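For reference, the structure discussed in these notes is given below.
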Amino acid sequence: MVALLLVGYYVRTKQVLQDEHMGEISHQLRAMQDELAHDTYAGYRAATQHGERIVTDLDLASAHAYLAYTYAILWGEHGDDTEALARSHLAKAQAAKIQHSYLTVAEGYLKLFGGDSKGAEVLLAAAATEPPTVDEGGCARHTFSLLSGALGIIQMHAGDLESAYRNLKAAQAELPADPRTNTALGKVLYHQGAEFQAANAFDTALRCEKDHAGAALGVALMALDLGKLDTAEKFVSRVLAASPAPSQRQLAIAHMANAVLLDQRNKAADADREQALAEGLKSPSKDLYLTLARRLLLIGKKEEAAAAVRQAPVRQWERPGLERDFAAFPSAGGFMAGKVYAETVASPFVCVETSPNAELVVTVDTAGCFGGSSTNLRLSINNQTATLKGEFGLTAGAHDGQPGPLHFPHSQEVALTQEERAQVVRTIGAAATHPESPSTCHSTTSLWARVTWRCADQAGKRPASGSISFGSSECGGLFETGYNRANGVDRAVEALFNRHRLDEARQATMRELHARASGKDGGVDEVP
45 MVALLLVGYY VRTKQVLQDE HMGEISHQLR AMQDELAHDT YAGYRAATQH
95 GERIVTDLDL ASAHAYLAYT YAILWGEHGD DTEALARSHL AKAQAAKIQH
145 SYLTVAEGYL KLFGGDSKGA EVLLAAAATE PPTVDEGGCA RHTFSLLSGA
195 LGIIQMHAGD LESAYRNLKA AQAELPADPR TNTALGKVLY HQGAEFQAAN
245 AFDTALRCEK DHAGAALGVA LMALDLGKLD TAEKFVSRVL AASPAPSQRQ
295 LAIAHMANAV LLDQRNKAAD ADREQALAEG LKSPSKDLYL TLARRLLLIG
345 KKEEAAAAVR QAPVRQWERP GLERDFAAFP SAGGFMAGKV YAETVASPFV
395 CVETSPNAEL VVTVDTAGCF GGSSTNLRLS INNQTATLKG EFGLTAGAHD
445 GQPGPLHFPH SQEVALTQEE RAQVVRTIGA AATHPESPST CHSTTSLWAR
495 VTWRCADQAG KRPASGSISF GSSECGGLFE TGYNRANGVD RAVEALFNRH
545 RLDEARQATM RELHARASGK DGGVDEVP
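Just so you know, we're using the numbering used here here: the sequence shown kicks off at 45 and counts up by one.
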């Protein structure tokens, strides 16, 4: 009897200890998830401590998945020497053959940061379209948001801003307060010329995570470009004074941004010291060298700016984005474009002038209280043969650059000489890369312009493609830069329609509208 009691006591004690052990493991996993949700350098570092405690005690596949994700971000985004750790934990999680969204995203980020952005996109695109098989933490919405957000971030780094915007918005719809998604969305929107929406996205990230250095730097760099120096100074100071401190990479960008600010305050010696501090942190990144280029361009050192970008010791995966963003500086609005960019850097789609196979598409959408219109100009080059097509139609309205369905569309096409082809590219390039004079309009009409381009392979050069867009939901107000730039593109498209006799498309649309309207009682002209 005593022996049986001892055996029972032993079994019960063992079960209690096992329950306590698994309870502690669950506690560490939850703490790890909470730290990852902050999307801060300190949060990622704290998450690794929780994860390493787990896997030291128990070879848990889900902990390896979280660690692979965390170390991948620390390596790729913060410059830490954690690639080997990320790949080691990835291999251990994969060996367990688990299906886990953090494992998929970790693999995608390792592909991206290793230089295989296409492979990363394919992997995440497939995962984001499948229903979640594992509901991590009991939240399928979080799983979808994580996958869609990661796909959008990968597409952002690859330069596909339209797809990035679409997937980041989908992720935001599931988890509206996620700071990582909102920060990436802010960056995409700013590159598309939508400063007001970008500011809202950054603000959402900072309201949810007040010490989010990525969002604060996003606001600071955008404010620098727009000439809002007080705002830039506020957010740069916020990063530099943060506790716990951001990563060395983020601090380096903040010091370099401070150098730009000090130059504009006529404090060149102080600016030089800030640049030295930034470079002394020895944490190179795309944003660091783009900010250095900003400084050099603003103080008149054009060749040095180009050389700094060309010779920047950034990682392989960042170089295409560095060159692409530097080339797109002219499409930035406001202060920076007005002072230097439009005069120092070539149009980002200049390749359309010379490529044997290329396409340039310009779309201008307007919307008011009673509907709007959409104008489309398409330059196509096929084996050096150029054609220009104009299309015009009416829309039921547009919101944030997203037009409604097209009504009464009509189009017209003409062949172009090589000289005319070059003239079209230069006309659109000048409109898209030069700031407009402030308009006198104070209406509720929205105006959006989007320019997309694609150039095929040329001798020894990569295919080039991209898009820029700008506009505003109303004319005038605080964020008029985008509206005025879109207005300039609209005028350029109008001139090209007239010059190449494409206006028949617009006239045909209006004739059809009036014919429909005249058949109605009262003859009211309205879009269906």
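Built from N, CA and C at the ideal position, the CB exists for glycine as well. Note that this is a predicted model, so its numbers are computed, not measured.
Exercise. Just to check, is the beta-carbon of Leu273 closer than 7 Å to a non-hydrogen atom of the ligand GTP?
Worked result: Of the ligands one can find in the structure shown there are none, so the ligand GTP has no counterpart to examine.
For this session: Pair every Cβ in the stretch 70–81 with every Cβ in the stretch 229–249, then say whether three or more of these pairs are closer than 8 Å.
Result: The answer is no - the stretch 229–249 does not touch the stretch 70–81, with fewer than three Cβ pairs under 8 Å.
Exercise. Buried or exposed: where does Leu558 fall if 16 or more other Cβ atoms within 10 Å of its Cβ makes it buried?
Worked result: It is worth fixing the name first, because residue 558 is His in this sequence and not Leu. Answer is exposed; the Cβ neighbour count stays below 16.
Exercise. Per DSSP, which one or two residues make a beta bridge with Gly344?
Worked result: For Gly344, which the question treats as bridged, DSSP gives no partner whatsoever.
For this session: In the DSSP assignment, find the alpha helix (DSSP H) that holds Thr477 and state where it starts and stops.
Result: 462–477
Exercise. Which first and last residues belong to the beta strand (DSSP E) in which Trp492 is found?
Worked result: Per DSSP, Trp492 belongs to the beta strand (DSSP E) from 490–499.
Exercise. What residue does the beta strand (DSSP E) around Leu432 start on, and which one ends it?
Worked result: Residues 429–439.
For this session: Would you grab the beta carbon distance between Ala109 and His71 for me? Rounded to a whole angstrom, and I think it's under 8 Å.
Result: With a Cβ gap of about 18 Å, Ala109 and His71 do not count as contacting.
Problem set entry | Coil, strand or helix - Asn310 by DSSP | Asn310 carries a coil assignment under DSSP once its states are collapsed to helix, strand and coil.
Problem set entry | Alpha-carbon spacing of Thr114 relative to Leu191, whole angstroms | The alpha-carbon separation between Thr114 and Leu191 amounts to approximately 15 Å.
Exercise. So Ile98 is in the alpha helix (DSSP H); what residue range does that whole segment cover?
Worked result: 85–101
Problem set entry | Of the residues Asn426, Pro400, Ser490, Leu423, the one placed nearest Thr439, counting alpha carbons only | Ser490
Problem set entry | Three-state class that DSSP yields for His82 in the structure shown | Note: His82 maps to helix in three-state DSSP.
Problem set entry | Assigned exposure category for Asp103 - 16 Cβ within 10 Å defines buried | exposed
Exercise. For Val394, which of Asp409, Ser511, Ala130 has the nearest alpha-carbon?
Worked result: Ser511
For this session: Report the residue from Gly120, Glu151, Thr553 whose alpha carbon sits nearest the alpha carbon of Ala135.
Result: Glu151
Exercise. Since Leu322 and His299 are thought to touch, with beta carbons under 8 Å apart, how far apart are those beta carbons, to the nearest angstrom?
Worked result: It should be pointed out that residue 322 corresponds to Ala in this sequence rather than to Leu. Correct: roughly 4 Å between the Cβ atoms.
For this session: Tell me whether Asp179 sits in a helix, a strand or coil according to DSSP, three-state version.
Result: For Asp179, the predicted structure reports a pLDDT of 41, less than 50, and the residue's modelled location is therefore unreliable. A value from the coordinates is still provided. Reduced to three states, the DSSP call for Asp179 is coil.
For this session: Using the Cα positions of Ala356 and Ala228, report the straight-line distance between them to the nearest angstrom.
Result: 23 Å
For this session: Determine contact between the stretch 120–130 and the stretch 161–169, defined as no fewer than three beta-carbon pairs at a distance below 8 Å.
Result: no
Problem set entry | Supposed close pair Thr407, Asn420 - CB separation, criterion 8 Å | 5 Å
Exercise. Does the distance from the C-beta atom of Leu273 to that of Leu305 stay below 8 Å?
Worked result: yes
For this session: Look up Arg11 in the DSSP assignment and say whether it is helix, strand or coil.
Result: Residue 11 lies beyond the stretch modelled for the chain, which goes from 45 to 572, so this question has no answer here.
Exercise. With 16 as the cutoff for other CB atoms within 10 Å, does Ala320 come out buried or exposed?
Worked result: exposed
Exercise. So, is Lys254 buried or exposed, given that buried needs 16 or more other C-beta atoms within 10 angstroms?
Worked result: exposed
Exercise. Exposed or buried, what is Ser189 when buried is set at 16 or more other beta-carbons lying within 10 Å of its beta-carbon?
Worked result: That one is buried.
Problem set entry | Backbone CA spacing between Leu195 and Arg354 [nearest angstrom] | 28 Å
Exercise. Within 8 Å (strictly less), CB to CB, does Tyr209 reach chain D?
Worked result: No chain D is part of this structure, which consists of one protein chain only.
Exercise. Where Tyr146 and Ile197 are concerned, what is the direct C-alpha to C-alpha distance, given to the nearest angstrom?
Worked result: When rounded, the separation of the alpha-carbon atoms in Tyr146 and Ile197 is 15 Å.
Problem set entry | Nearest candidate by alpha-carbon position, reference Gly532, set Ala91, Thr477, Lys231 | Here the closest residue by C-alpha is Thr477.
For this session: Could you tell me which of Ala315, His256, Val263, Gly230 sits nearest to Pro288, measuring between CA atoms?
Result: His256
Problem set entry | Per DSSP, the bridge partner or partners of Asp124 | In the DSSP output, where bridge partners are listed per residue, Asp124 has none listed.
Problem set entry | Three-state secondary structure assigned by DSSP to Leu270 | helix
For this session: Since I believe Trp497 is in contact with Ser513 (beta carbons under 8 Å), could you give me their beta-carbon distance rounded to a whole number of angstroms?
Result: Not quite, the Cβ-Cβ distance comes to about 12 Å (not below 8 Å), so this is no contact.
Exercise. Does the beta-carbon of Thr173 have 16 or more other beta-carbons within 10 angstroms, so that it is buried, or is it exposed?
Worked result: exposed
Exercise. Near Ala140, which residues of its chain fall below 6 Å by C-beta distance, leaving aside the five closest residues on each side in sequence?
Worked result: Ala105
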